[in-house]
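One structure below.
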Amino acid sequence: MSEERIIELEIRQAYQEDLIQVLNGIVTDQQKQISKLEETCKLLHDKIKSLALAERNPAPIDERPPHY
Numbered sequence: 001m002s003e004e005r006i007i008e009l010e011i012r013q014a015y016q017e018d019l020i021q022v023l024n025g026i027v028t029d030q031q032k033q034i035s036k037l038e039e040t041c042k043l044l045h046d047k048i049k050s051l052a053l054a055e056r057n058p059a060p061i062d063e064r065p066p067h068y
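So the sequence shown is numbered by this note's numbering: it starts at 1 and just counts up by one.
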């Protein structure tokens, strides 16, 4: 192999390593966003479920307080 070819391959490898690091950072950020979105979806699902249960079993409006 010629000296120029080796240098070209080393340069390519350096760029690829840099690109891999950048992509790894992007994937890490996306995973954090996905985790936050999953947690938000879970909270919304739980809230909707509790609202649906409350709608099925509404509390009486004119119920007397327990101290009467």
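We treat Cβ as the ideally placed atom computed from N, Cα and C, and that holds for glycine.
Asked	Found
The alpha helix (DSSP H) enclosing Arg-64, as first and last residue numbers	Segment: none, Arg-64 is in no alpha helix (DSSP H) and carries neither H nor E.
Alpha carbon of Leu-23 to alpha carbon of Ser-35, nearest angstrom	18 Å
Simplified DSSP assignment, three categories, for Asn-24	helix
Helix, strand or coil at Ser-35 according to DSSP, with G and I counted as helix	helix
Per-residue DSSP class, three states only, for Ser-2	coil
Rounded separation between Thr-28 and Gln-21 - CA only	10 Å
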